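Residues in the sequence shown are numbered from 197 upward in steps of one, following our numbering. Quick reminder that beta carbons are idealized off the backbone N, C-alpha and C, glycines included. Note that the coordinates shown come from a computational prediction; the quantities given were computed from them, not determined experimentally.
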Amino acid sequence: MPDLAINDLRLRLGDHEILKGLSLKVPAGAVVALLGPSGSGKTTLLRAIAGLEVPHAGSIAIGDRVFFDAARKIDLPAEQRGLGLVFQSYALWPHRTVFDNVAYGLKLRNTPAAEIKTRVGKTLSQIGLGALAERYPHQLSGGQQQRVAIARALVYQPPLLLLDEPLSNLDAKLREEARAWLRTLIGELGISAIHVTHDQTEAMAIADRIVLLDAGTVAQEGVPTALYNEPENLFTAEFMGSNNRLEGVLVDAADGRATFDIYGERITGQARAPKAAGAQATGIIRIESVRCTEEPGPNRLRMQFKTQMYLGERWELVFSTGDLTVRTYAHSPVSPGKHFIEFPPDALWVF
Ligand SMILES: Nc1ncnc2c1ncn2[C@@H]1O[C@H](COP(=O)(O)OP(=O)(O)OP(=O)(O)O)[C@@H](O)[C@H]1O
Ligand SMILES: [Mg+2]
Numbered sequence: 197m198p199d200l201a202i203n204d205l206r207l208r209l210g211d212h213e214i215l216k217g218l219s220l221k222v223p224a225g226a227v228v229a230l231l232g233p234s235g236s237g238k239t240t241l242l243r244a245i246a247g248l249e250v251p252h253a254g255s256i257a258i259g260d261r262v263f264f265d266a267a268r269k270i271d272l273p274a275e276q277r278g279l280g281l282v283f284q285s286y287a288l289w290p291h292r293t294v295f296d297n298v299a300y301g302l303k304l305r306n307t308p309a310a311e312i313k314t315r316v317g318k319t320l321s322q323i324g325l326g327a328l329a330e331r332y333p334h335q336l337s338g339g340q341q342q343r344v345a346i347a348r349a350l351v352y353q354p355p356l357l358l359l360d361e362p363l364s365n366l367d368a369k370l371r372e373e374a375r376a377w378l379r380t381l382i383g384e385l386g387i388s389a390i391h392v393t394h395d396q397t398e399a400m401a402i403a404d405r406i407v408l409l410d411a412g413t414v415a416q417e418g419v420p421t422a423l424y425n426e427p428e429n430l431f432t433a434e435f436m437g438s439n440n441r442l443e444g445v446l447v448d449a450a451d452g453r454a455t456f457d458i459y460g461e462r463i464t465g466q467a468r469a470p471k472a473a474g475a476q477a478t479g480i481i482r483i484e485s486v487r488c489t490e491e492p493g494p495n496r497l498r499m500q501f502k503t504q505m506y507l508g509e510r511w512e513l514v515f516s517t518g519d520l521t522v523r524t525y526a527h528s529p530v531s532p533g534k535h536f537i538e539f540p541p542d543a544l545w546v547f
């Protein structure tokens, strides 16, 4: 499949512009995770690509096949786009067997019975459900039902699979297994996929690239490590990972460094936005980057121990001073009282 290219897409629902000039590319054979908070437009974008919503500006094309182009008044109907769409609720027909659930769309398209049998059989065995073809949905586990929903989209042999939170109905353990399975399957089939999720760990695990949406625009797009390690803006820095947030006034900003005054201590980080001394700024640091120490030192704040939680492989510790609360991890519990909390300057981003 050639690349999917979306250019400056704008879409209104009711009185609101939901997609506000959105552009992105899905390279051939890639899995792209569409990530973003609730209401940011993920489902709307997927529906627009599938042909279920009509944008008022912009274009959508796979190579030279134009699906939608507002300027040229092209709007290919959903069935001619031939994309596989998997909804969050599996939407299986309860009174049809697994085989018939998967075969239904082909029957609607008047595919000959022999071909239906071959294609459904092949798809079911590809996704490991070959033995369950005669069962009904209520006789399947949640994970198996989710596979049937995916089989139903794959049976058309789509060049692009559109998945709207396909794993969110599964419990945490099953979800982790399913994402490894899904990632492998997409690779084996050699197709492209857009996988919508609001779970950033799932997005990083499953995708070659991530597109992070913020209120109908792209906040940042790139490989998972870039979004996690090199956020370009405050929204991306806060959305990815688990973070501490420090607010303060800049006392110094030069040579890519920015220094805050926080409760009388100088705390320095990497300057991530062009701001001058005297400006209000926000510091973001991942929980795993903060250290609990016992001596004073550069970039450390003396903070009061509040509580600690055992997480199995580590402890999560909570400290505070004034109205600042900071969380960190440690291999062993710490004693109550005051500790010196260090914010390594290279891991603190100042916006
Ligand atoms: N039919 C509609 N009419 C008007 N507004 C709508 C309609 N459908 C959705 N919206 C609004 O569009 C925005 C984007 O919705 P969308 O379903 O695309 O978000 P999402 O990113 O998929 O969120 P979630 O993670 O909760 O599924 C929301 O503010 C929603 O309220
Ligand atoms: Mg949605």
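Helix, strand or coil for residue i per DSSP?
{"i": "L381", "result": "helix"}
{"i": "A560", "result": "No statement about residue 560 is possible, as the shown extent of the chain runs from 197 to 547 and does not include it."}
{"i": "K221", "result": "strand"}
{"i": "M505", "result": "strand"}
{"i": "K269", "result": "coil"}
{"i": "N439", "result": "strand"}
{"i": "L241", "result": "helix"}
{"i": "T464", "result": "strand"}
{"i": "Y332", "result": "coil"}
{"i": "Q416", "result": "strand"}
{"i": "R305", "result": "coil"}
{"i": "R315", "result": "helix"}
Alpha carbon to alpha carbon, how far is residue i from residue j?
{"i": "R375", "j": "G225", "result": "17 Å"}
{"i": "R487", "j": "K502", "result": "15 Å"}
{"i": "R261", "j": "R268", "result": "13 Å"}
{"i": "G465", "j": "V392", "result": "33 Å"}
{"i": "G317", "j": "I323", "result": "10 Å"}
{"i": "S236", "j": "P198", "result": "27 Å"}
{"i": "S516", "j": "V522", "result": "6 Å"}
{"i": "W377", "j": "P529", "result": "37 Å"}
{"i": "L230", "j": "P492", "result": "43 Å"}
{"i": "E461", "j": "N425", "result": "26 Å"}
{"i": "N495", "j": "F456", "result": "10 Å"}
{"i": "T240", "j": "T489", "result": "47 Å"}
{"i": "Y506", "j": "T524", "result": "12 Å"}
{"i": "T421", "j": "G326", "result": "37 Å"}
{"i": "Q396", "j": "I402", "result": "10 Å"}
Quick one, are the C-beta atoms of residue i and residue j less than 8 Å apart?
{"i": "I387", "j": "L359", "result": "no"}
{"i": "N365", "j": "Q342", "result": "yes"}
{"i": "E214", "j": "R208", "result": "According to the sequence provided, residue 214 is Ile. The question's Glu does not apply to it. In contact: I214 and R208 (Cβ atoms closer than 8 Å)."}
{"i": "A195", "j": "D204", "result": "Residue 195 lies beyond the range of the chain shown here (197 to 547); nothing can be said about it."}
{"i": "G278", "j": "Y352", "result": "yes"}
{"i": "Q159", "j": "E361", "result": "In the structure as shown, the chain starts at 197 and stops at 547, and residue 159 therefore has no counterpart that could be examined."}
{"i": "W545", "j": "R453", "result": "no"}
{"i": "I298", "j": "V344", "result": "Checking the sequence shown, residue 298 turns out to be Val, not Ile. Taking 8 Å as the Cβ cut-off, V298 and V344 qualify as a contacting pair."}
{"i": "D271", "j": "S255", "result": "no"}
{"i": "R379", "j": "V227", "result": "yes"}
{"i": "G437", "j": "R482", "result": "yes"}
{"i": "L408", "j": "T432", "result": "yes"}
- Message: Three Cβ pairs or more, each shorter than 8 Å: is that satisfied between the stretch 439 to 452 and the stretch 473 to 483?
- Response: yes
- Decide yes or no for the touch test of the stretch 446 to 454 against the stretch 242 to 250: beta carbon pairs closer than 8 Å, at least 3 of them. no
- Can you list the residues near ligand 1, meaning Cβ strictly closer than 6 Å to any non-hydrogen atom, in the order they appear in the chain? L209, G210, H212, I214, G232, S234, G235, S236, G237, K238, T239, T240 and H394
- Does the stretch 534 to 546 come within contact of the stretch 494 to 512, defined as at least 3 CB pairs closer than 8 Å? yes
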